[in-house]
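> As you go down the protein sequences, you meet chains E and R in turn.
If you read the first sequence in this note's numbering, its first letter stands for residue 1, the second for the next number, and so on.
If you read the second sequence in this note's numbering, its first letter stands for residue 1001, the second for the next number, and so on.
We treat Cβ as the ideally placed atom computed from N, Cα and C, and that holds for glycine.
As the structure is a prediction and not an experimental result, all values here were calculated from the model.
To start, I am sharing the structure in question, which I have written as structure tokens.
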Amino acid sequence: MGMSQSMRTGLNSILSDVDKINPHGTLGINDSVVSSIYYAAESIANEVVSQKEKPKTDWDKKLDDILTSRVFGFPSMLLLLGVIFWLTVAGANVPSAMIADVLFWGQDRLTDLCNYLHAPAWFHGFFVEGIYRCLAWVISVMLPPMAIFFPCFTLLEDLGYLPRVAFNLDRLFKKAGAHGKQALTMSMGFGCNAAGIVACRIIESPRERMIAMLTNNFVPCNGRFPTLIALAGVLVFGMGSTFGATAIVVGIILLGIAVTLAVSWTLSKTLLKGVPSSFTLELPPYRKPQIGKIIVRSIFDRTLFVLGRAICVAAPAGAVTWLLANIYVGDLSVLAYCAQWLNPFAQAIGLDGFILMAFILGLPANEIVLPILIMSYLATGSMTELDSIEDLYNLFVVQHGWTWLTAVCMMLFSLLHFPCGTTLWTIRKESGSLKWTLLAALMPLGIACAICFLVAQSVRALGWV
Amino acid sequence: MKNNSGGFREENAMSLYDLPIGKTALVNAIQAEGITRRRMLDLGLVPGTKVEALRESPTGDPKAFRIRGAVIAFREEESTKILISYKED
Chain E
1 MGMSQSMRTG LNSILSDVDK INPHGTLGIN DSVVSSIYYA AESIANEVVS
51 QKEKPKTDWD KKLDDILTSR VFGFPSMLLL LGVIFWLTVA GANVPSAMIA
101 DVLFWGQDRL TDLCNYLHAP AWFHGFFVEG IYRCLAWVIS VMLPPMAIFF
151 PCFTLLEDLG YLPRVAFNLD RLFKKAGAHG KQALTMSMGF GCNAAGIVAC
201 RIIESPRERM IAMLTNNFVP CNGRFPTLIA LAGVLVFGMG STFGATAIVV
251 GIILLGIAVT LAVSWTLSKT LLKGVPSSFT LELPPYRKPQ IGKIIVRSIF
301 DRTLFVLGRA ICVAAPAGAV TWLLANIYVG DLSVLAYCAQ WLNPFAQAIG
351 LDGFILMAFI LGLPANEIVL PILIMSYLAT GSMTELDSIE DLYNLFVVQH
401 GWTWLTAVCM MLFSLLHFPC GTTLWTIRKE SGSLKWTLLA ALMPLGIACA
451 ICFLVAQSVR ALGWV
Chain R
1001 MKNNSGGFRE ENAMSLYDLP IGKTALVNAI QAEGITRRRM LDLGLVPGTK
1051 VEALRESPTG DPKAFRIRGA VIAFREEEST KILISYKED
């Protein structure tokens, strides 16, 4: 070592001084440094920072007294959730039908164009009935609910309400061996599970972060809402009530939260054993929402982003679905063949072969499950115009023999089944492990099959359908 | 250098967890270790800091405290590791 004698004696005398001042090791020094930094900062701040007098009413306190109170804390959370979904359910129908009208008018014009150009039948089928129709479906089914849901949700975020949700729910997560911030990553999951997985970075402990990542899928993402909303509409069809449909969707979400807690608990007792790590959460002051910012952020950063991704996935998926539905082996199309092969198992869990096939083909993105199902039903059944819940009801219930159990099982399967391709890819990237990614896909699939099987079999055993 | 920072502790010291809602106390010592301790120090929880107990979650835990103008929630496990000196009025 090139250290000179004088330097060494200097260092030694400093070290012995340190020992005298701080006989209990280095911890105290750390604290003293931080303390003196804070004292210095405090005295500077006291000299130069002046604060306005406190306003007469402390709105933060008043709001928190309601939103985090023992009596109103949970009811107000449910109410806010309910109102957002009611707005989405009630508001999305009309614009959905309008967009569908316009886009299917476009399909007719494209058909005219193909006829005019004497394009071969496969060309018209592949591009117009395959790709274009799948895109039209994705846009008309997804865009209106997203354009309502995302701004509402961003509003809550902007207000500073979300950390209160984590504050209210933390004890439940602690009991499940998970982290309170998981409530925040779940909230992100409502928008997009892939975004929820990335958000898990805010959880410091690796064990609890993994739990949050593995269970994020049980929060229905925006790609699944339109499916759930449409199925809830089919389920209450004829009763003509948006409240009924809202109640069903909220019920499904609560079930998702219950499954999240149960699975988190199981994981923290088995694969991811350990004690809950520390929990510090800042509750920022409520802010006046900035409407312009909310609209820009929710429409451009979220709605259009998610829609864009869905379109990128829907185009090839539409093409593949059309090919599968139109390539015949013997008398059956490949799609019908697969569906027939899957049917016994699908029936056992309350679905049918086509539904299960739609979930499998929809792996790249959950948004396209319902459009694929409609396309495969249409390809094998009679052609109808589909632009309302009534048409959907006719297609599913009248033409394909759905019962209420089919709708319920499909909702359950949609809530619980494997995460979409993007989410899995994100889990792979964030966890850096193929094994955990596989578990993230297979565990929800197992749970979905088990729960659907139990529901379907008990309902049938009880003779309810 | 400031005295009694760090290890100093009073007999029968009370923890932040037991501070009644609406009351204010001064931080005496932090007993947490590792990352948790680091995080608490980062929040400005050094001896002598004023802390006010603001509210508790509907389920009773965690509790929220006002620390240097910010509102921070701690679980029972954390707040029992922060010792305070509190004079009842």
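Quick check: what's the CA-CA separation for R164/E versus Q51/E?
Mapped onto the first sequence, residue 164/E falls at position 164. Mapped onto the first sequence, residue 51/E falls at position 51. When rounded, the distance between both Cα atoms is 26 Å.
> Would you say the beta carbon of L281/E comes nearer than 8 Å to a heavy atom of the ligand MG?
In the structure on display, the ligand MG does not appear, and there are no ligands present to speak of.
> If the cut is a Cβ gap below 8 Å, which residues of chain E does P1062/R touch?
Here residue 1062/R refers to the residue found at position 62 of the second sequence. Under the 8 Å cutoff, chain E gives F167, D170, R171, G180, F279, L281.
> Determine whether the Cβ of M1040/R lies closer than 9 Å to any Cβ atom of chain E.
Here residue 1040/R is taken as the residue at index 40 of the second sequence, counted from 1. Yes, contact with chain E.
> List, in order along the chain, the chain R residues whose C-beta lies closer than 7 Å to that of R70/E?
Along the first sequence, one-based indexing puts residue 70/E at 70. P1058, listed in chain order.
> Does E47/E pass the burial test, meaning 16 or more other C-beta atoms within 10 Å, or should it be called exposed?
Here residue 47/E refers to the residue found at position 47 when the first sequence is read from its first residue. So E47/E ends up on the exposed side.
> Hey, quick one: how far does the beta strand (DSSP E) through E1065/R stretch, first residue to last?
Locating residue 1065/R in the second sequence gives position 65, where the first residue counts as 1. Just to set this straight, residue 1065/R is Phe in the shown sequence, not Glu. Start and end: 1063-1067.
> Could you have a look at K1050/R and say whether DSSP puts it in helix, strand or coil?
Looking up residue 1050/R in the second sequence gives position 50. Strand, per DSSP.
> Determine, using beta carbons only, whether Y286/E and D17/E come nearer to each other than 9 Å.
As a first step, residue 286/E must be located in the first sequence, where it is residue number 286. As a first step, residue 17/E must be located in the first sequence, where it is residue number 17. Against a cut-off of 9 Å, the Cβ pair of D17/E and Y286/E comes out as no contact.
> Using a 10 Å radius around the Cβ and a threshold of 16 neighbouring Cβ atoms, would you call T270/E buried or exposed?
The count along the first sequence starts at 1 and reaches residue 270/E at position 270. The residue is exposed, with fewer than 16 neighbouring Cβ atoms inside 10 Å.
> Which residues of the stretch 197-211 of chain E have a Cβ closer than 8 Å to any Cβ of chain R? Give them in chain order.
E204
> Return the CA-CA distance between A195/E and N217/E, expressed in angstroms with no decimal places.
Your numbering for residue 195/E matches position 195 in the first sequence. Your numbering for residue 217/E matches position 217 in the first sequence. Approximately 11 Å, taken between the alpha carbons.
> Report the option in I1030/R, R1068/R, A1032/R whose CA atom is closest to the CA atom of A45/E.
Counting from one through the first sequence, the residue named residue 45/E turns up at place 45. Cα-wise, what sits closest to A45/E is R1068/R.
> Just the C-alpha distance for D108/E and V128/E, rounded to the nearest angstrom, thanks.
Counting from 1 along the first sequence, the entry for residue 108/E is found at position 108. Counting from 1 along the first sequence, the entry for residue 128/E is found at position 128. Spanning the two alpha carbons is a distance of roughly 9 Å.
> Cβ of S264/E less than 9 Å from any chain R Cβ?
What you label residue 264/E is simply residue 264 of the first sequence in a count that begins at 1. It does not; no Cβ of chain R falls within 9 Å.
> Of the choices E367/E, H400/E, L363/E, L228/E, whose alpha-carbon is the least far from that of A379/E?
The sequence position of residue 379/E within the first sequence is 379, counting from 1. Checked all of E367/E, H400/E, L363/E, L228/E; the closest Cα to A379/E is H400/E.
> Taking Cβ positions, are D170/E and F279/E nearer each other than 9 Å?
Residue 170/E sits at position 170 when you count from the first residue of the first sequence. Residue 279/E sits at position 279 when you count from the first residue of the first sequence. The answer is yes: Cβ separation under 9 Å.
> Helix, strand or coil for F1074/R? Go by DSSP, reduced to three states.
The sequence position of residue 1074/R within the second sequence is 74, counting from 1. In this structure, F1074/R counts as strand in the three-state DSSP scheme.
> Would DSSP call E430/E helix, strand or coil?
Within the first sequence, numbered from 1, the residue matching residue 430/E stands at position 430. Note: E430/E maps to helix in three-state DSSP.
> Would you say L1019/R lies against chain E (beta-carbon separation less than 9 Å)?
Translated into positions along the second sequence, residue 1019/R becomes position 19. With 9 Å as the cut-off, L1019/R does not count as an interface residue toward chain E.
> How big is the Cα-Cα spacing for A1032/R and S268/E?
Your numbering for residue 1032/R matches position 32 in the second sequence. Your numbering for residue 268/E matches position 268 in the first sequence. One C-alpha to the other measures close to 23 Å.
> Roughly how many angstroms separate the alpha carbons of L87/E and P151/E, rounded to a whole number?
Counted from its first residue, the first sequence places residue 87/E at position 87. Counted from its first residue, the first sequence places residue 151/E at position 151. Distance between the alpha carbons of L87/E and P151/E: 11 Å.
> What would DSSP say about I1082/R, mapped onto helix, strand or coil?
For the purposes of this step, residue 1082/R is identified with residue 82 of the second sequence, where counting begins at 1. In the structure shown, I1082/R sits in a strand (DSSP, three-state: E or B).
> Taking the continuous beta strand (DSSP E) assigned at V1027/R, which residues delimit it?
On the second sequence, position 27 is the one that residue 1027/R refers to. Residues 1024-1030.
> Would you kindly report the start and end of the unbroken alpha helix (DSSP H) that includes E390/E?
Sequence index remark: in the first sequence, residue 390/E carries index 390 (1-based). It spans 389-393 - the alpha helix (DSSP H) in which E390/E sits, taken as one unbroken run.
> Is the distance from the Cβ of V1051/R to the Cβ of L1019/R below 9 Å?
Counting from 1 along the second sequence, the entry for residue 1051/R is found at position 51. Counting from 1 along the second sequence, the entry for residue 1019/R is found at position 19. It is a contact, given that the beta carbons lie within the stated cut-off.
> Per DSSP, what kind of secondary structure is V219/E in: helix, strand or coil?
One-based indexing of the first sequence puts residue 219/E at position 219. It is coil, neither helix nor strand.
> In its own chain, which residues sit with a C-beta less than 6 Å from the C-beta of G82/E, not counting the 5 before and 5 after it?
Taking the first sequence and counting its residues from 1, one reaches residue 82/E at position 82. Closer than 6 Å at the Cβ level, and outside the excluded window around G82/E, lie V250.
> Is it right to say S376/E is buried, meaning 16 or more other beta carbons lie within 10 angstroms of its own, or is it exposed?
Here the question's residue 376/E lines up with position 376 in the first sequence. It is buried - the Cβ of S376/E has at least 16 other Cβ atoms within 10 Å.
> Helix, strand or coil for A450/E per DSSP?
If you number the first sequence from 1, residue 450/E lands on position 450. Here A450/E carries a helix assignment [DSSP, helix/strand/coil].
> Output yes or no for whether 9 Å exceeds the beta carbon distance between G256/E and P220/E.
The residue labelled residue 256/E in the question sits at position 256 within the first sequence. The residue labelled residue 220/E in the question sits at position 220 within the first sequence. Contact flag set, yes.
> May I ask which residues mark the beginning and end of the beta strand (DSSP E) holding L281/E?
The count along the first sequence starts at 1 and reaches residue 281/E at position 281. Annotation: the continuous beta strand (DSSP E) that includes L281/E extends over 280-282.
> Could you give the DSSP three-state label for L1019/R: helix, strand or coil?
Within the second sequence, the letter at position 19 stands for residue 1019/R. Three-state DSSP puts L1019/R in coil, outside helix and strand.
> Which value, in whole angstroms, describes the spacing of the CA atoms of L15/E and S187/E?
Residue 15/E sits at position 15 when you count from the first residue of the first sequence. Residue 187/E sits at position 187 when you count from the first residue of the first sequence. Approximately 51 Å between the Cα atoms of the pair.
> Taking the alpha carbon of I1021/R as the reference point, which residue from F1065/R, S1085/R, F1074/R has its own alpha carbon closest?
Walking along the second sequence from the start, residue 1021/R turns up at place 21. Looking at the Cα atoms, F1065/R is the closest of the given residues.
> How far does the alpha helix (DSSP H) with G308/E in it extend, from its first residue to its last?
Position 308 of the first sequence holds residue 308/E. Segment 305-326, the alpha helix (DSSP H) holding G308/E.
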